[in-house]
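K.L.:
Using the numbering used here, you'd call the opening residue of the sequence shown number 21 and step up by one each time.
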Amino acid sequence: MSSTWQQISSTVVAEFSDVKDVGELTTITVRLFMAALLGGILGFEREQRGKAAGIKTHMLVAIGSALFVLIPLQAGISDAEMSRVMQGIITGIGFLGAGAILKGHDEKDLKGLTTAAGIWVTSAIGVAAGLGRESLAILCTFLALVVLIAMPKIIDVLEGKTEAKDEHKEQPQDKQ
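1) Does the beta-carbon of V42 have 16 or more other beta-carbons within 10 angstroms, so that it is buried, or is it exposed?
2) Spatial neighbours of K195 within its chain, please: CB distance less than 6 Å, with the 5 preceding and 5 following residues excluded, ordered by chain position.
3) Assuming G59 and A82 form a contact by the criterion Cβ under 8 Å, report the distance between their Cβ atoms to the nearest whole angstrom.
4) What are the boundary residues of the alpha helix (DSSP H) that includes F53?
5) Could you give the uninterrupted runs of the alpha helix (DSSP H) lying entirely in the segment 96-151, keeping only those of 4 residues or more?
6) State the Cα-Cα distance for the pair P172 and L80, rounded to the nearest angstrom.
7) Let me know if G108 comes out buried or exposed under the rule of 16 or more other beta-carbons within 10 Å of its beta-carbon.
8) So A164 and V147 are supposed to be a Cβ contact under 8 Å. How far apart are they, rounded?
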């Protein structure tokens with residue numbers, strides 16, 4: 021009976037031997053949490069705007085993308101093989117994003133393009149975090165937030181000035 025439990029114990033230990041030491045465990049943890057945090061930041065912004073793909077979706081996309089590159093890194097694959105892994109992530113996220121795009125009756129009536137692009141960028145941020153490029157992932161998250169938050173305001177200001185000029189031209193001049 022004792023040898024059975026020893027065999028079970030050694031099998032369980034062997035199954036968890038993919039993480040060799042505390043340093044590797046820390047690296048994996050930091051990369052996955054960084055992906056989750058950055059994905060969550062972008063998802064929070066989208067959720068605040070009432071979009072369907074919110075915090076949970078963006079966090080899961082970022083974590084999944086990070087994990088898809090972490091696993092091969094742990095296995096020690098070559099750069100060429102990692103390139104194929106990233107191609108698969110990009111393709112898969114493309115299908116996920118395509119599902120977020122809705123086409124209306126009119127050709128110009130497309131909804132969900134920004135959501136799809138946001139999911140795509142979130143995946144790229146997850147890949148960057150998974151590869152240990154945290155600075156790049158943070159910078160990309162910041163730039164994505166600028167696009168999502170600042171650009172609508174800039175567009176409103178530009179359209180407001182354009183509308184104000186058009187209204188000024190349309191009003192008849194008072195003759196004195």
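Glycine included, every Cβ here is placed at the ideal spot set by N, Cα and C. No experiment lies behind these values; they were computed from the predicted model shown.
P.N.:
Reading from the atomic positions:
1) By one-based count along the sequence shown, residue 42 stands at place 22. By the 10 Å Cβ count, V42 comes out exposed.
2) Translated into positions along the sequence shown, residue 195 becomes position 175. Its pLDDT being 45, under 50, K195 is placed unreliably by the model, and the measurement read from it follows with that caveat. In the same chain as K195, and ignoring 5 residues on each side of it, no C-beta atom comes closer than 6 Å to its own.
3) Here residue 59 refers to the residue found at position 39 of the sequence shown. Here residue 82 refers to the residue found at position 62 of the sequence shown. Yes, they are in contact, since the Cβ atoms of G59 and A82 sit about 3 Å apart, within 8 Å.
4) Counting from one through the sequence shown, the residue named residue 53 turns up at place 33. Start and end: V42 to Q68.
5) Runs found: 99-120 and 133-150.
6) For the purposes of this step, residue 172 is identified with residue 152 of the sequence shown, where counting begins at 1. For the purposes of this step, residue 80 is identified with residue 60 of the sequence shown, where counting begins at 1. Rounded to whole angstroms, P172 to L80 spans 26 Å at the Cα level.
7) Counting from 1 along the sequence shown, the entry for residue 108 is found at position 88. Classification for G108: exposed.
8) Here the question's residue 164 lines up with position 144 in the sequence shown. Here the question's residue 147 lines up with position 127 in the sequence shown. Their Cβ separation, rounded to whole angstroms, is 14 Å, which puts A164 and V147 out of contact at 8 Å.
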